[in-house]
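2 protein chains.
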Amino acid sequence: MSPDEFRRRGHEVIEWIASYMERVADFPVQSRSQPGALRNALPEQPPMYGEPFDAVMNDLDSLIVPGLTHWQSPNFFGYFPANSSGPAILGELLSAGLGVQGMLWSTSPACTELETHMMDWVARMLELPQKFHPNNGGGGVIQDTASSATLCALLAARERVTAKHESGDDPASNLVAYCSNQAHSSIEKAVRIAGIGENNLRMIDVDDTYAMRPDLLEQAIARDRHAGNVPFFVCATIGTTSSNAFDPLPAIGQVAASDEHIWLHVDAAMSGTAAVCPEFRHIHNGLALADSYCFNPHKWMLTNFDCDCFFVADTLNLTKSLSILPEYLRNKATESGAVIDYRDWQIPLGRRFRALKLWMVIRHYGVHGIQQHVRHSVSLAKEFAEWVKADPRFELVIQPELNLVCFCLRIGDDATRQLLNAANASGKVFLTHTVLRDRFVLRMAIGATMTEHHHVKRCWSLLQELA
Amino acid sequence: MSPDEFRRRGHEVIEWIASYMERVADFPVQSRSQPGALRNALPEQPPMYGEPFDAVMNDLDSLIVPGLTHWQSPNFFGYFPANSSGPAILGELLSAGLGVQGMLWSTSPACTELETHMMDWVARMLELPQKFHPNNGGGGVIQDTASSATLCALLAARERVTAKHESGDDPASNLVAYCSNQAHSSIEKAVRIAGIGENNLRMIDVDDTYAMRPDLLEQAIARDRHAGNVPFFVCATIGTTSSNAFDPLPAIGQVAASDEHIWLHVDAAMSGTAAVCPEFRHIHNGLALADSYCFNPHKWMLTNFDCDCFFVADTLNLTKSLSILPEYLRNKATESGAVIDYRDWQIPLGRRFRALKLWMVIRHYGVHGIQQHVRHSVSLAKEFAEWVKADPRFELVIQPELNLVCFCLRIGDDATRQLLNAANASGKVFLTHTVLRDRFVLRMAIGATMTEHHHVKRCWSLLQELA
């Protein structure tokens, strides 16, 4: 495709997306597509010769869009906010247009340095502990997701206890990791991937707020030590997926600090963004006790997926576990030791220029704009919770701390499940569910980029009607 | 950013990229930036209030572009081709604009189904063995990189031999993996990550063409069995990074088939694309003996990074090792068993709509267009190799099979190294190096989207001049 044709088609695609943004509130939020519908509509064989661009764009409208659940709809309240925004989309576009590789500093210095700098900006915005700053031996890196960040944290933790990267024969088979029974499934996945085995992950029970009980953590660690196991990794969650619970970091940090082998990772994927507001920054109390931390700008910070910010206090064990330097990647800058090669901070080798979208988001909105977005979501969630409380048919299961409301119908699980199905089937809204203490509970996650008061209000009216 | 502002700014960014495409050949290919240059030019603090979009675009030109090594330059011959193209960029743009999540089928059916379908198309284009097709229990998935695909293959292989996802205590510590000493660093990285330990990776010596010696592989496996170890994973490479060597798949496949525990993974990240041309399809001879396979459309198939196509013959062990279903992800479609949930086929949970760009590329260029791109690169490489052979000062180290030429100066390593430095310092071209049998060798990787005959010719003239 020539630059001129790219120019012409590019303008068409921009128009298409702008128009999508204008129309997205009117689409049924959840796709009504049946399994196989799209597959059956597509030709079995790839085209032998190139097709007109218009044909592709027509199929986008007629075949692809009906098969989408519209995560960017202001009526999307499922799972978690998956913020996209104009500047983020354009940052992603620029990154694709430039098409550079950031695996080494030397393969595009600006790609690495903008990333390091954005991690600094983010650390300042969230007032993260100084230990994560490069000047103190720490550092930050963009990962695709919190799953990968958690895996990297686990590998660094393992590296600190064993020389596991060299040998599978050392006494690593009795390593034990800990998280709450509300922690994200990625902890279990990481434990599996690393070959530690899910039997060696202890899922600690929680208190009434679904936060990890530090006393039970302490007991579990003591039991393991007594049994000759090696406790080495604790993951605390700041904002669980199910119910947005906050594990008590100060107490958990103290337990972890009792053993030099234990690495404390803090997973704030969903809620970390809130710390951009001084009034919510308390969610990070105790973070200075952590060895690593991550949160996802691609959830609630107006930045397109994928963009997870991962910080470590001591980068040495991370790079020790992941660094391999084959001849064909050797270069003067790496050998000088004066630069960061982010390939040693992640699972894959190659990497996109993801810092660009973060840079464009922070500059376009400013800290203040991001604060407004967070405050807006939280105030909508609190208002929604009040509505739930005021309707005797509903029960507010958890008073929202931030932007997730968990609630159900008092008459029981079946009715709540039917309500969910009816609401989603209407196409007007989309919510998801969880189970808390054996009860089926609806989750109303507020924070989509375009969600306004009237969208939340309309959702509540619909739920009242259907109830 | 309102849809209208997005429209306006979007058109500007499209113009900027089109103009970048027009100008990129004139930029110094390798960035001349010094460590810290960009960091020092950026403000320490993030902006409190949003800035004008123009300010960001100005900084893009003045601060970011000088810090880039231009991977999309037609004069870029380093590392490997990192193909970008108009339709791929627009596919990435649409994916960002739609902002959907493809972790489950139900979170956007079209995202999953288009991916499955594109993997079918790709399998047809490359004439991959039928065993990788869903109808035969196999399947394909898009991974970010071949590194991640290899890690997934290793985990599936481990799952087949042990119940490792459950327990770290089983006799897994004597698992042993094999690859050639020319294999990609990601194999070693995967072995480390999985906790198998790099001491349990045997790097098999190669023949004169730098291809793995099956006889030595066989001996190493026998030695390990004799020692009570459990050989479980062999990775063969189709097109090594260093010198584009091809491990002999039929013979390696036979060795691997001698033991039901051994999983054969084929890493064709760099060269697999060539199989789109019938005359190069022989590089996959013996692939029917493999358990898994991957190649990177983001290298040589006109598709933006990241896009690795990963196929497995039996998806069961892959999903067994990676599947976790927490309550908040439960849904009817998953429970029906009629759909694919790609989150169980990869390391992270979340996933972008990457199939969109592959769809746009295949439809825009057609199979024929992609064949032309491959043939063009290969013929340029062969011509370049003839030029090298005809100049008595140069030695052609390897006769290129496809699009990588390895060569050096006869008078020795120092001169070759100086030649590389001088060529790259000129800004007119960019090449990288490797070491083959202790000799410092230049690598000329041909296949950038915009590389034409005159770019290659000019590169050769420059090298002759500098020699």
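Line by line, the protein sequences are chains A and B.
Residues in the first sequence are numbered consecutively from 1, following our numbering.
Residues in the second sequence are numbered consecutively from 1, following our numbering.
The beta carbon of each residue, even a glycine, is placed where N, CA and C say it ideally should be.
Reduced DSSP category for B:Y79 - H, G, I as helix; E, B as strand; rest coil
Locating residue 79 of chain B in the second sequence gives position 79, where the first residue counts as 1. Here B:Y79 sits in coil by DSSP.
Going along chain A in order, which residues have a C-beta closer than 8 Å to the C-beta of B:W263?
Walking along the second sequence from the start, residue 263 of chain B turns up at place 263. Within chain A, no residue comes near B:W263; the closest Cβ sits about 15 Å away, beyond 8 Å.
Only counting runs of 3 or more residues, tell me where the beta strand (DSSP E) segments fall wholly within the segment 69–150 of chain A, in order along the chain.
Within the segment 69–150 of chain A, complete beta strand (DSSP E) segments of at least 3 residues are found at 139–143, given in chain order.
Taking C-beta pairs closer than 8 Å, name the residues in chain B that A:A194 reaches, listed in chain order.
The residue given as residue 194 of chain A occupies position 194 in the first sequence. Chain B residues near A:A194: I193, A194, G195.
Residue burial classification, B:L316 (beta-carbon count within 10 angstroms, cutoff 16):
Walking along the second sequence from the start, residue 316 of chain B turns up at place 316. The residue is exposed, with fewer than 16 neighbouring Cβ atoms inside 10 Å.
Against chain B: residues of the segment 412–438 of chain A by CB proximity under 8 Å:
Taking 8 Å as the Cβ-Cβ cut-off, the segment 412–438 of chain A approaches chain B at T432, H433, T434, V435, given in chain order.
Return the chain-ordered list of same chain residues with a C-beta closer than 8 Å to the C-beta of A:P171, the five sequence neighbours on each side being excluded.
Here residue 171 of chain A corresponds to residue number 171 of the first sequence, with the count starting at 1. Only weak support exists for where A:P171 lies, its pLDDT of 45 falling under 50; the value from the coordinates is given anyway. Correct list, in chain order: T162, V230.
Between A:D504 and B:H284, what straight-line distance do the alpha-carbon atoms span, to the nearest angstrom?
Since the first and last residues shown for chain A are 1 and 467, residue 504 of chain A lies out of range.
Could you give the residue range of the beta strand (DSSP E) that holds B:T319?
Translated into positions along the second sequence, residue 319 of chain B becomes position 319. Counting along the chain, B:T319 falls outside any beta strand (DSSP E), though it belongs to the alpha helix (DSSP H) covering 315–322.
The segment 179–191 of chain B: positions lying closer than 7 Å to chain A by Cβ:
Answer set for the segment 179–191 of chain B: S185, S186, E188, K189.
Three-state secondary structure (DSSP) at A:M212?
Residue mapping note: residue 212 of chain A aligns to position 212 of the first sequence, counting from 1. DSSP places A:M212 in strand when its eight states are reduced to three.
Along the chain, where does the alpha helix (DSSP H) containing A:E327 start, and where does it finish?
As a first step, residue 327 of chain A must be located in the first sequence, where it is residue number 327. Per DSSP, A:E327 belongs to no alpha helix (DSSP H) and is neither H nor E.
Quick check: the Cα distance between A:S108 and B:Q418, rounded to an integer number of angstroms?
Against the first sequence, residue 108 of chain A aligns to sequence position 108. Against the second sequence, residue 418 of chain B aligns to sequence position 418. Taking the CA atoms as reference points, A:S108 sits about 22 Å from B:Q418.
Quick one: what does DSSP say A:M270 is sitting in, helix, strand or coil?
For this step, residue 270 of chain A is matched to residue 270 along the first sequence. Coil.
Interface flag, B:A222 vs chain A, CB-CB below 8 Å
Within the second sequence, numbered from 1, the residue matching residue 222 of chain B stands at position 222. False, the Cβ-Cβ gap to chain A never drops below 8 Å.
DSSP three-state call for A:A177: helix, strand or coil?
Sequence index remark: in the first sequence, residue 177 of chain A carries index 177 (1-based). A:A177 falls in the strand class under three-state DSSP.
Proximity to B:M103 [Cα-Cα], best of B:E452, B:L287, B:L329:
For the purposes of this step, residue 103 of chain B is identified with residue 103 of the second sequence, where counting begins at 1. Distances from the alpha-carbon of B:M103 to those of B:E452, B:L287, B:L329 put B:L329 closest.
Could you give the residue range of the beta strand (DSSP E) that holds A:H433?
Counting from one through the first sequence, the residue named residue 433 of chain A turns up at place 433. 432–436 is the extent of the beta strand (DSSP E) around A:H433.
B:E395 (DSSP reduced to helix, strand or coil)
Taking the second sequence and counting its residues from 1, the one referred to as residue 395 of chain B is at position 395. DSSP places B:E395 in strand when its eight states are reduced to three.
What's the C-alpha gap between B:S377 and B:H133?
The count along the second sequence starts at 1 and reaches residue 377 of chain B at position 377. The count along the second sequence starts at 1 and reaches residue 133 of chain B at position 133. C-alpha separation (whole angstroms): 30 Å.
Under 8 Å between the Cβ atoms of B:A245 and B:Q182?
As a first step, residue 245 of chain B is located in the second sequence; it is residue number 245 there, counting from the start. As a first step, residue 182 of chain B is located in the second sequence; it is residue number 182 there, counting from the start. Yes, they are a contact pair.
At least one CB of chain B closer than 8 Å to the CB of A:L358: is that the case?
Taking the first sequence and counting its residues from 1, the one referred to as residue 358 of chain A is at position 358. It does not; no Cβ of chain B falls within 8 Å.
Quick check on B:A183: does DSSP put it in helix, strand or coil?
In the second sequence, residue 183 of chain B corresponds to position 183, counting from 1. DSSP, read as helix, strand or coil, puts B:A183 in coil.
Alpha carbon to alpha carbon, how far is B:A251 from B:R352? Give it in angstroms, no decimals.
For the purposes of this step, residue 352 of chain B is identified with residue 352 of the second sequence, where counting begins at 1. For the purposes of this step, residue 251 of chain B is identified with residue 251 of the second sequence, where counting begins at 1. Cα to Cα, B:R352 sits roughly 38 Å from B:A251.
State the start and end residues of the unbroken beta strand (DSSP E) segment that holds B:C309.
What you label residue 309 of chain B is simply residue 309 of the second sequence in a count that begins at 1. Annotation: the continuous beta strand (DSSP E) that includes B:C309 extends over 308–312.
B:P248 (DSSP reduced to helix, strand or coil):
Within the second sequence, numbered from 1, the residue matching residue 248 of chain B stands at position 248. Assigned with DSSP and collapsed to three states, B:P248 falls in coil, not helix or strand.
Sequence-distant residues of its chain with Cβ nearer than 7 Å to B:V429 (five each side left out)
Position 429 of the second sequence holds residue 429 of chain B. Same-chain partners within the cutoff: V29, N75, F77, A423, C459, L462.
Which same chain residues, not among the five before or five after B:G253, have their C-beta less than 7 Å away from its C-beta?
By one-based count along the second sequence, residue 253 of chain B stands at place 253. If the five residues before and after B:G253 are omitted, its C-beta is found closer than 7 Å to the C-beta atoms of L264, G286, L289, A290, all from its own chain and listed in chain order.
With a CB to CB cut of under 7 Å and the five nearest residues on each side skipped, what residues in its chain are close to A:D169?
By 1-based counting over the first sequence, the position of residue 169 of chain A is 169. At A:D169, the pLDDT of 47 sits below 50, so the modelled position is not reliable; the number obtained from the coordinates is stated separately. If we look at A:D169 and ignore the five residues flanking it on each side, it has no Cβ neighbours.
Is A:D169 helix, strand or coil when you go by DSSP?
Taking the first residue of the first sequence as 1, we reach residue 169 of chain A at position 169. Note that A:D169 scores a pLDDT of 47, beneath 50, so its modelled location is shaky; the value from the coordinates is reported in the next line. If DSSP states are grouped into helix, strand and coil, A:D169 belongs with coil.
Three-state secondary structure (DSSP) of B:R458
Translated into positions along the second sequence, residue 458 of chain B becomes position 458. Reduced to three states, the DSSP call for B:R458 is helix.
State the Cα-Cα distance for the pair B:L151 and B:V191, rounded to the nearest angstrom.
Here the question's residue 151 of chain B lines up with position 151 in the second sequence. Here the question's residue 191 of chain B lines up with position 191 in the second sequence. Going by the C-alpha atoms only, they are around 8 Å apart.
What residue from A:E395, A:K299, A:D438, A:L155 has the CA that sits closest to A:F232's CA?
On the first sequence, residue 232 of chain A is found 232 positions in, with the first residue counted as 1. Ranking the options by Cα distance to A:F232, first place goes to A:L155.
Is the segment 139–147 of chain B close to the segment 194–202 of chain B, with three or more CB pairs under 8 Å?
Counting Cβ pairs under 8 Å, fewer than three are found: no touch.
Assigned secondary structure, B:T237 (DSSP; H/G/I helix, E/B strand, else coil)
Translated into positions along the second sequence, residue 237 of chain B becomes position 237. Here DSSP, grouped into helix, strand and coil, assigns B:T237 to strand.
Which runs of the alpha helix (DSSP H) spanning at least 4 residues fall entirely within the segment 328–384 of chain A, listed in chain order?
332–336, all fully within the segment 328–384 of chain A.
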